[in-house]
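Remarks on the structure that follows.
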Amino acid sequence: MNSLVQEIHLISGYLTILEYHNLRIASRGFNLDKVARIRFAAYKESLEQQQNVDISRYVILIYDEITIDMLVYLVRAGDSTQITNIVEKNKIHPDTINEALIVAIDNVKSSPCTIIPLLKGINKALISPNADFTVLFKVSIHNGFLKLIGLLIDGEYLEVTDDFHSDAILIASLNGYFEIVELLLTKTTLDPSARSNLALQHACENGHFNIVKLLLADSRVDPNDADGMALSYAAEKGHLQICSLLLKDHRVDPSGNQNSAICYASRYGHLDIVQLLLKDPRVDPSAHQNYSIIRASEFGYFDIVRLLLTDKRVDPSAERSSALKCAVINGYIDIVQLLLADSRVNSKIDDNFCLKVSIDLGNIEVTNLLLKHQQCSDGIRALKRAYNNCDWEMFKSVVSIGTNKTWKSIRKYIF
């Protein structure tokens, strides 16, 4: 215990410094510095013991190193209440607050709330040029610090006019910070349509319905910019509500970007969105060489394949029957059966590629479907392939479904 203090008591959660030896708070020099150090040490000790202490009555009322250390300590501890008490109840030198403010900006991610009382406690004209509010604004946008963003804008700590600050709406839309987007849209200097309406595209892609609705209410925002990618992103991610909202806007063309919306919805298995898009006559489900049915077949979306086949524009034999090839390779029996039922599909294309692949993959059910569809016309080759693969189960299966004369004659030599 320092000789300057008779004793320090922690009574009922309150820090009490009982008796100083002939020292006065108004004194200067060495003794004052010692008192400050004792007070700061006592405060930190109280924090460690989880005591509820109002530090403001233990702060030295002049600018010195201890006061800076104390504010910085509070910033790192994230104690905005104590900072508010100190700043409001004491005449802190501007340089002291500036030192703490710079540290607070560096630590904004861990303790954003400590910056607000520091900003409120200092004359804006006296703020150090080293306090980088542009960086602070950027970090606040990325992390959704609404109150801090509001203070920076309303307090005019920075000019929100250039491209960097317009990107703030983009970032907030990407992360789903509705209230921040709402706040930023009140600033006419910020353009929500910047970078080809990328803010709207991000909101659509990430499913932030309320932000999409908010942005669409701004006349500067064009939902059909970038060839309608906003709708394409929403369709890709399966956001039905957003797709419905966009399609109600007369500016949106669902066939934009070569019908990418229905292509993405089919590729990622969003049946409800495919159904929604097919209701619009502008949408062509056969776009990109029948990409939609090929990808739906590849990834096993039976209901989408069946729905697409009801549209006369869709050709399941496109790209040399790629839809069937994809379904065979991945073993989707129900889709293989569905496609084989369409007379346009050629199961023997490319030297009976589908049959060869199904045998090589050991998929007996798909092989049987193909052989029956072809009426065993290529059964001998199938038998040889199964034999060469040493696949006895496949070999027996191929033999067992033979129907024509040649096939029957082979069977009698085997059994």
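According to the working numbering, the sequence shown is numbered sequentially starting from 10. Every residue gets a Cβ at the ideal spot worked out from N, C-alpha and C, and that includes glycine.
Within 10 angstroms of the Cβ of residue i, are there 16 or more other Cβ atoms? Answer buried if so, exposed if not.
i	result
residue 281	exposed
residue 399	exposed
residue 350	exposed
residue 367	buried
residue 145	buried
residue 200	buried
residue 270	buried
residue 334	buried
residue 80	buried
residue 168	exposed
residue 176	buried
residue 474	In the structure as shown, the chain starts at 10 and stops at 424, and residue 474 therefore has no counterpart that could be examined.
Report the three-state DSSP secondary structure of residue i (helix, strand or coil).
i	result
residue 311	helix
residue 343	helix
residue 154	coil
residue 279	coil
residue 407	helix
residue 181	helix
residue 122	helix
residue 353	coil
residue 249	helix
residue 269	helix
residue 224	helix
residue 104	helix
residue 159	helix
residue 166	coil
residue 91	helix
residue 216	coil
Assuming residue i and residue j make a contact with CB atoms under 8 Å, what is their CB distance in whole Å?
i	j	result
residue 323	residue 295	5 Å
residue 260	residue 232	6 Å
residue 96	residue 126	5 Å
residue 390	residue 359	Not really, about 14 Å apart at Cβ, beyond 8 Å.
residue 310	residue 340	Between residue 340 and residue 310 the Cβ distance is about 14 Å, and since that is not below 8 Å, they are no contact.
What separation, rounded to the nearest whole angstrom, lies between the Cα atoms of residue i and residue j?
i	j	result
residue 85	residue 162	25 Å
residue 422	residue 377	Low confidence applies to residue 422: its pLDDT is 47, below 50, so where it sits in the model is not reliable enough to give any reading.
residue 320	residue 303	14 Å
residue 83	residue 128	15 Å
residue 193	residue 160	12 Å
residue 383	residue 285	37 Å
residue 405	residue 379	16 Å
residue 265	residue 365	39 Å
residue 403	residue 372	8 Å
residue 225	residue 90	40 Å
residue 297	residue 305	14 Å
residue 182	residue 363	47 Å
residue 409	residue 240	52 Å
residue 338	residue 361	13 Å
residue 188	residue 227	15 Å
residue 204	residue 344	42 Å
residue 87	residue 109	12 Å
residue 7	residue 150	In this structure the chain extends from 10 to 424, so residue 7 is not present and cannot be described.
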